[in-house]
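Below is one structure, written out as structure tokens, with a few remarks after it.
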Amino acid sequence: MSNQQMTNLTEHPDLIVERMGNGWTLVRLNRPKSLHALDEALAKALFDVFATLKTDEQTTAIWLDSTTPKAFCAGGDVRKLRQLIINDESNIAHNFFKEEYALDLALHQYPKPVVVWGEGYVMGGGMGLFMAAPFRLVTPYSRLAMPEINIGLYPDVGATRFLAERGAIGLFLGLTGSIMSASGAYTIGWATHISGETREEVLARLTQIDWNAYPAGSFRAIDDTLDALHRPLSAGPLQDSLDVIHSVCRGQNFMQDYQAITSLMEARSDWLRQAGENLAKGSPSTAALTWLLWQWGKTAPAWSRVFELEKTLAEWKTLHPDFIEGVRARLVDKDLAPSWQAKSFNSLKEALGTVPMADDTEWMEILRNFDVV
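So this is what it looks like as structure tokens:
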């Protein structure tokens, strides 16, 4: 690829692409005012960049970060999506998910090493990018979460599988949207390394790798380098709460889990109390969908199937009244007083409201098994 072609890759104003030397190419999100939130155009631009770099002979590995330490990526631009739905332009809104999930799937299947610098907020769509990379760095200032319970969407971008892979802890995090510290994220495998060094220091070490010294390949070279930079942190609230999480989150009966988690509003721990409040005040339909998807995700579906189902459910959920209302209350009017569709409920079906049908045999079987259809 010529320098001119590299320049062409940076025509999108919210994206910076640069060669760093020694086989490294930098890809940097640049939407600081929105904490680098993804929209359709940015997701498509990222997909195109990674597709080009996949066959670029000068690129051995890719470094992905953002222009500000406050956030790597705080999620998808849900305010924009909400307005599109209100404007009766749902087809445009749903195209965002098509582009975003295509990007996430491409990263999960990417043949070259990708290192993500997850400093600051890594949430929602940002977690989708982060979890799709083989090397996921956090710092003491990182805050990770899938907080869709607060806005009436649902934990998507692959969370259907990466939450289920973490058992009861993953279900708890999906239902409560609890924020993870760096040590918590490392404990459950969301992060592969905790960096005690600055971004510039880590980049300097990576760009000095002697590739020839690693006959096992570039992934091993990067892993060894990052292992040497890893700095453990003391236990955070997640580690202190593991026994409680496993006691309140069994994954066998939705209402039992819901009632046990919301009872944590009386907990001594601020983190557990916040978790209970998030679920109690969150969207019932989101909680129900999250719980059901965790059941489906336990079957370890292929990533292509995950994103296929998630696309169908994202289209269903954005048209659900809880999404319009949740984004309004949290991000538009900011009154934090959403009026959810289910005012009260005593069953999974009542919480869900309507039925999210999809062309997936195992998904429909789960809906039948839990008396949703």
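Quick note: the sequence shown, position 86, residue 86 per full-length UniProt numbering, numbers continuous.
All residues carry an ideal CB built from backbone N, CA and C; glycine is no exception.
8 Å or more divides the Cβ of glycine 236 from the Cβ of serine 195. Our two residues, aspartate 224 and glutamine 83, have alpha carbons roughly 46 Å apart in a direct line. About 14 Å separates the beta carbons of phenylalanine 162 and methionine 123, which is beyond the 8 Å limit, so they are not a contact pair.
Counting other Cβ atoms within 10 Å of its Cβ, lysine 317 reaches 16 or more and is therefore classed as buried. If you draw a straight line from the Cα of leucine 105 to the Cα of leucine 233, it comes to about 31 Å.
DSSP lists Leu26 as the bridge partner or partners of glutamate 18. Excluding the 5 residues flanking it on each side, arginine 205 has same chain C-beta neighbours closer than 7 Å at Thr225, Leu229, in chain order. Distance from the CA atom of arginine 330 to the CA atom of alanine 74, rounded to whole angstroms, is 14 Å.
In the DSSP assignment, tryptophan 340 falls outside any alpha helix (DSSP H) and carries neither an H nor an E. Cβ-Cβ distances below 8 Å link alanine 51 to Ala106 in the same chain, with the five nearest sequence neighbours on each side left out; the list follows chain order.
Within 10 angstroms of the beta-carbon of glutamate 119 lie 16 or more other beta-carbons, which makes it buried. In terms of Cβ geometry, glutamate 99 and glutamate 57 do not form a close pair [threshold 8 Å]. Isoleucine 151 carries a coil assignment under DSSP once its states are collapsed to helix, strand and coil.
If the five residues before and after histidine 94 are omitted, its C-beta is found closer than 6 Å to the C-beta atoms of Glu315, all from its own chain and listed in chain order. In the three-state reduction of the DSSP assignment, tryptophan 190 falls in the coil class. The segment 201 to 221 and the segment 153 to 168 do not touch, with fewer than three beta-carbon pairs separated by less than 8 Å. Going by C-alpha positions, glycine 125 is about 10 Å away from glutamate 148. Residue environment analysis places asparagine 278 among the buried positions, since at least 16 neighbouring C-beta atoms fall within 10 angstroms of its C-beta. A distance below 7 Å between beta-carbons, with the five flanking residues on each side excluded, links glutamate 310 to the following residues of its chain, in chain order: Tyr101, Asp156, Thr160. Per DSSP, the unbroken alpha helix (DSSP H) holding leucine 279 starts and ends at 270 to 281. Distances from the alpha-carbon of leucine 81 to those of Glu197, Glu365, His320 put His320 closest. Comparing alpha-carbon positions, the option among Trp271, Leu64, Ser283, Ala133 lying closest to glycine 353 turns out to be Ser283.
Ranked by Cα distance from alanine 185, the first of Ala260, Lys334, Gln239 is Gln239. Counting along the chain, glycine 167 sits inside the alpha helix (DSSP H) bounded by residues 167 to 176.
One Cα belongs to leucine 15, the other to tryptophan 340, and the distance between them is close to 37 Å.
The C-alpha of threonine 361 is placed about 31 Å away from the C-alpha of leucine 38. Assignment of alpha helix (DSSP H) within the segment 197 to 248, counting only whole runs of 4 or more residues, yields 199 to 206, 218 to 229, 237 to 240, 242 to 248 in chain order. Cβ contact annotation for glutamate 350 (same chain, cutoff 7 Å, sequence separation greater than five): Ala342, in chain order. Contact between tryptophan 24 and threonine 60 is confirmed by a C-beta separation of about 7 Å, below the 8 Å threshold. Minimum Cα-Cα distance from tryptophan 190 among the listed residues Arg136, Ile261, Ser241 corresponds to Arg136. Alanine 351 carries a helical assignment under DSSP once its states are collapsed to helix, strand and coil. For phenylalanine 96, the secondary structure class from DSSP, reduced to helix, strand or coil, is helix.
Secondary structure of alanine 302 (DSSP, three-state): coil. As the crow flies, the alpha-carbon of histidine 12 is around 47 Å from that of glutamine 259. For glycine 326, the enclosing alpha helix (DSSP H) covers residues 321 to 327. Glycine 118 is bridged by DSSP to Val138.
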